[in-house]
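J.: FYI, my numbering numbers position 278 of the sequence shown as 260, with every residue one higher than the one before it.
Quick reminder that beta carbons are idealized off the backbone N, C-alpha and C, glycines included.
Structure in structure tokens, see below.
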Amino acid sequence: MKEVILIKLGEIVLKGLNRKNFEDKLIKSIKHRLHKIGAFKVKNSQSIITVTPVFDDIDMDEAAECISKIFGIAAFSRAVAAPKDIESIKQTACDYLEDTFVAAKSFKVEAKRSDKKFPFTSPEIAREVGGCLADRYPDVAVDVHEPDVIVTVEIRDDFAYIHAGSLKGAGGIPVGTGGKAAILISGGIDSPVAAYMMAKRGIELTAIHFASPPYTSERAEEKVRQLLEKVSAYSGRMTMYTVPFTKLQEEIRDKCHEEYFTIIMRRFMMDIAEKIALKNDCQALITGESLGQVASQTIGAIACTDAACNMPVFRPLIGMDKEEIIEISRKIDTFDISIQPYEDCCTVFTPKHPRTRPVLKNVISEQNKIEWETLVKDAVENVKITEIT
Ligand code: ATP
Ligand code: MG
-17 MKEVILIKLG
-7 EIVLKGLNRK
3 NFEDKLIKSI
13 KHRLHKIGAF
23 KVKNSQSIIT
33 VTPVFDDIDM
43 DEAAECISKI
53 FGIAAFSRAV
63 AAPKDIESIK
73 QTACDYLEDT
83 FVAAKSFKVE
93 AKRSDKKFPF
103 TSPEIAREVG
113 GCLADRYPDV
123 AVDVHEPDVI
133 VTVEIRDDFA
143 YIHAGSLKGA
153 GGIPVGTGGK
163 AAILISGGID
173 SPVAAYMMAK
183 RGIELTAIHF
193 ASPPYTSERA
203 EEKVRQLLEK
213 VSAYSGRMTM
223 YTVPFTKLQE
233 EIRDKCHEEY
243 FTIIMRRFMM
253 DIAEKIALKN
263 DCQALITGES
273 LGQVASQTIG
283 AIACTDAACN
293 MPVFRPLIGM
303 DKEEIIEISR
313 KIDTFDISIQ
323 PYEDCCTVFT
333 PKHPRTRPVL
343 KNVISEQNKI
353 EWETLVKDAV
363 ENVKITEIT
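Printed below as a string of structure tokens:
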């Protein structure tokens, strides 16, 4: 008995002429992501993608878990493929559904026939398979109104597929169809969530992390790598650029007025991130900022940081409460990593009283007390590259 996964496309089907491009990107993601688990055949026909393991020893629980995190998928079913004759279909359904029926009180069978040449009509198929299941599992009653289990038999071109319901997919649109952007990633709770949210809208990610050794530790950077690994289960592989930020931060500390430390530091982050993003064909930056969360996230402070770069800056969390952000971070399994206590460069040299209503003109004149051009250039040129797979 061969178990397969049937994938129903999500929002993708709405995309008219782009549909082919969307489907191709989705299939590429599926193939790439499943590669780690084993060899699969991935076939797209009649609006359904069928994922079939090539060998019998492949872990289908792991495959299903992997597929549940791929954007562009509305729903998927674990199913069994049977040869297209009614006796095989009945036999296969009874054997395959044993575990499901042991736990159920009632069921009904629905049949769909996309191969109209199949010699039984849909109601006939439902009756035949339903009768066979009723005989095999006499304790499970037929209930056409509110059954515990809906058994679906789909007669397609190659096989008859049998399953007992579908699971919710990750939604969104396939990664890569929305262009490429750079996520500014800290070790905090917010930025991994922001990365996930933009990947869900089809964005391919590049990650940029600012590190200030010895004020920040190697362990802090390792934490960011672990967070990105969790994000990559959804977004696919990405490159992480670690920017050496110590020199610039020390200059800010030594030369600028304390109340501007954070805002100037954040302006350098945007400037450097934009330069790295441009080198990597990214069209936008992404941050995990949420309005009013901290002093550097007021409208005035955001306006001053935005003025340091020309690219669009996506802030998918801008209108969200911390609780809502935490809920997503738990769902994508980043929360427990994020709360480990390691220093971020944002928390070294933090002023006691940061400016919440900075005036751009004053910020720039304060920033110009540093000869920052070469420092910025050095930071961009000396990034460390780590591949996240
Ligand atoms: P997070 O939980 O993502 O750290 P936060 O609420 O702690 O966010 P800040 O520390 O002010 O807020 O950072 C705001 C945003 O700036 C982050 O969401 C992230 O996008 C970016 N950022 C902060 N620190 C770094 C860093 N060390 N490297 C790269 N980006 C960073
Ligand atoms: Mg932070």
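Considering only the beta carbon of each residue, do Ile107 and Ala116 sit closer than 8 Å?
T.: no
J.: With the cut-off set at 8 Å, would you say Val84 and Thr32 are in Cβ contact?
T.: no
J.: What residues in its chain sit with their C-beta under 6 Å from that of Thr34, if we drop five residues either side in the sequence?
T.: Val(-14), Lys23
J.: If you count every other CB in all the chains shown that lies within 10 Å of the CB of Leu187, and 16 or more means buried, which is it?
T.: buried
J.: With DSSP run on the structure shown, which of helix, strand or coil describes Tyr178?
T.: Correct three-state label for Tyr178: helix.
J.: In terms of alpha-carbon separation, which member of Val358, Ser214, Val345 lies closest to Asp315?
T.: Ser214
J.: Just to confirm the assignment: which complete alpha helix (DSSP H) runs, minimum length 4, are found wholly within the stretch 289 to 333?
T.: Here the runs fully enclosed are 304 to 313, 317 to 320.
J.: List the DSSP bridge partners of Leu149.
T.: Note: Leu149 sits in a beta bridge opposite Phe58.
J.: Would a C-beta distance cut-off of 8 Å place Ala167 and Ala189 closer than the cut-off?
T.: For the sequence presented, residue 167 should be read as Ile rather than Ala. Yes; because the gap between Cβ atoms is below 8 Å, this pair is in contact.
J.: So, is Leu16 buried or exposed, given that buried needs 16 or more other C-beta atoms within 10 angstroms?
T.: When all chains shown are included, Leu16 counts as buried.
J.: Pair every Cβ in the stretch 143 to 159 with every Cβ in the stretch 288 to 307, then say whether three or more of these pairs are closer than 8 Å.
T.: Contact fails: fewer than three Cβ-Cβ distances are below 8 Å.
J.: So if DSSP puts Glu92 in a beta bridge, which residue, or which two residues, is it bridged to?
T.: Thr134
J.: In whole angstroms, what separates the C-alpha of Asp263 from that of Glu136?
T.: Distance between the alpha carbons of Asp263 and Glu136 is about 44 Å.
J.: Cβ atoms of Ala255 and Ala361: under 8 Å apart, would you say?
T.: For Ala361 and Ala255, no; Cβs fall outside 8 Å.
J.: At a cut-off of 7 Å, is Asp288 close to the ligand ATP when judged by its beta-carbon and the heavy atoms of the ligand?
T.: no
J.: Would you list, in sequence order, the uninterrupted beta strand (DSSP E) runs of no fewer than 3 residues that lie entirely inside the stretch 162 to 232?
T.: 162 to 166, 186 to 193, 220 to 226
J.: For the beta strand (DSSP E) holding Phe22, just list the boundary residues, first then last.
T.: Per DSSP, Phe22 is one residue of the beta strand (DSSP E) stretching across 22 to 27.
J.: Less than 8 Å between the beta carbons of Ile308 and Ile185, yes or no?
T.: Result no, Cβ atoms of Ile308 and Ile185 do not sit closer than 8 Å.
J.: Could you say which of Ala57, Pro105, Asp139 lies nearest to Asp97 if we only look at CA atoms?
T.: Asp139
J.: Leaving out five residues on either side along the sequence, give the residues of the same chain with a beta carbon under 7 Å from the beta carbon of Asn364.
T.: Pro226
J.: Below 8 Å CB to CB, which residues in the same chain sit around Ile55 once its five sequence neighbours on both sides are set aside?
T.: Ile(-11), Lys(-10), Leu(-9), Gly(-8), Leu8, Ile49, Gly151, Ala152, Gly153
J.: At 3 residues or longer, and completely inside the stretch 241 to 278: list those beta strand (DSSP E) runs for me, N to C.
T.: You should have 266 to 268.
J.: Would you mind giving the Cβ-Cβ distance between Tyr402 and Pro340, rounded to the nearest angstrom? I have them listed as a contact below 8 Å.
T.: For the chain, the structure presents residues -17 to 371; residue 402 sits outside this window and is missing.
J.: Tell me whether His335, by its Cβ, gets closer than 7 Å to a heavy atom of the ligand ATP.
T.: For His335, the CB stays at least 7 Å from every heavy atom of the ligand ATP.
J.: Flag Glu309 as yes when its Cβ comes closer than 7 Å to any non-hydrogen atom of the ligand ATP, and as no otherwise.
T.: Not so, every heavy atom of the ligand ATP lies at least 7 Å from the Cβ.
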